[in-house]
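S.K.: Take this structure, written in structure tokens, and hold onto it; I'll ask about it next.
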Amino acid sequence: MTRAEVEQGVKAIVLDILEAEDEVKDFGDEDDFVEDLSMDSLQAVSMLVHLEKRFRVSLPESDMNRFRTVRSVVDVVMANLDSRAN
Amino acid sequence: MPTDVAPVLDLAAITALVPHRDPFLFIDAVTEYEKGARLLAVKTITGDEPFFAGHFPGLPIMPGVLIVEAMAQAGVVLYTLSMDETEDERRQTKFLGQVEARFLTPAYPGDRLEIDLRVVRLMKGAIAVKGTVRAGGRTIVKAEFLLMQPARTREGAADVRAER
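Protein sequences appear in the order of chains Y and C. Each residue of the first sequence is one higher than the one before, counting from 26 in my numbering. Each residue of the second sequence is one higher than the one before, counting from 27 in my numbering.
Here it is as structure tokens:
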């Protein structure tokens, strides 16, 4: 899976999770989930579960601390896909 | 399923684990439990439940959302037992965060709902669950849901039993 594909999948998940927030219409790779997009802990857990399902990876809870932006989530998922491939 | 098997948890044991009470407690017993992995709970629909007065007059059907609620309550039991929660921790309310459900066939008075849950993800403060509810060989509901203990209630703001 390419980085662009992962990024597209991550963005779809983030949008799905945040769609309840009226102010979230669009966001960039560097927008901070908590500070810019007001993501709460429930949504962060939801994201973890959705990422695991979508990309068929196993992510430790400690990775949630690294979920700050779309870019950082893509990094985490890519690292997991790479380690699985090896 | 044989009905004479002694439950893992009876109603009294369940009420020690969840804050819900009649008429909003929708599990009667837990018949199977595997720590951190799965749980089977049952609820017999007697027909005397108050919601049947309105849902629907002359056509009693258990509301699908209440079946999902039953799954969530069983999920709270699964979380509480799997995390070895203390009595204080059990008092802290868990909330449904997200539900994806498919309602396949109606549940009627006389049905014995078998609520079969499997852990998808378990962590401090959250559990993701996948489950199926069956009755008499029919599949009633399939659902995946997330139960959470928001940080603010973990700090003790929503101790429902203490508020009584």
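All C-beta atoms in this analysis are idealised placements derived from N, C-alpha and C, irrespective of residue type, glycine included. None of the values given here were measured: they were computed from a predicted structure.
(1) Verify whether the separation of the beta carbon atoms of C:Val263 and C:Met97 is less than 9 Å.
(2) By alpha-carbon positions, which one of C:Asp74, C:Arg64, C:Gly136 ends up nearest to C:Val102?
(3) In three-state DSSP terms, what is Y:Val99?
(4) In three-state DSSP terms, what is C:Arg164?
(5) On the premise that C:Leu107 lies in contact with C:Ile153, defined as a C-beta separation below 8 Å, what is that separation, rounded to the nearest angstrom?
(6) At the level of alpha carbons, what is the spacing between Y:Leu62 and Y:Leu43?
(7) C:Met109 and Y:Glu86 - do their beta-carbons sit closer together than 9 Å?
(8) For Y:Ser71, I'd like the list of residues in its chain whose CB is within less than 6 Å of its CB, leaving aside the five on either flank, ordered along the chain.
(9) How about Y:Phe92 and Y:Val31: are their beta carbons less than 9 Å apart?
(10) On the DSSP bridge list, what partners appear for C:Tyr59?
(11) Buried or exposed, going by whether 16 or more other CB atoms sit within 10 Å of the CB of C:Ala32?
(12) From C:Ala133 to C:Leu85, what distance separates their C-alpha atoms?
(13) By the criterion of Cβ-Cβ separation under 7 Å, what are the contact partners of C:Val146 in chain Y?
(14) Considering Cα atoms alone, identify which of C:Ile40, C:Asp137, C:Val145 is closest to C:Lys61.
M.R.: Once the coordinates are examined:
(1) In this structure chain C extends from 27 to 190, so residue 263 of chain C is not present and cannot be described.
(2) C:Arg64
(3) helix
(4) strand
(5) Contact flag wrong, Cβ pair sits at about 11 Å.
(6) 8 Å
(7) no
(8) Ile42
(9) no
(10) C:Leu65
(11) exposed
(12) 11 Å
(13) Val74
(14) C:Val145
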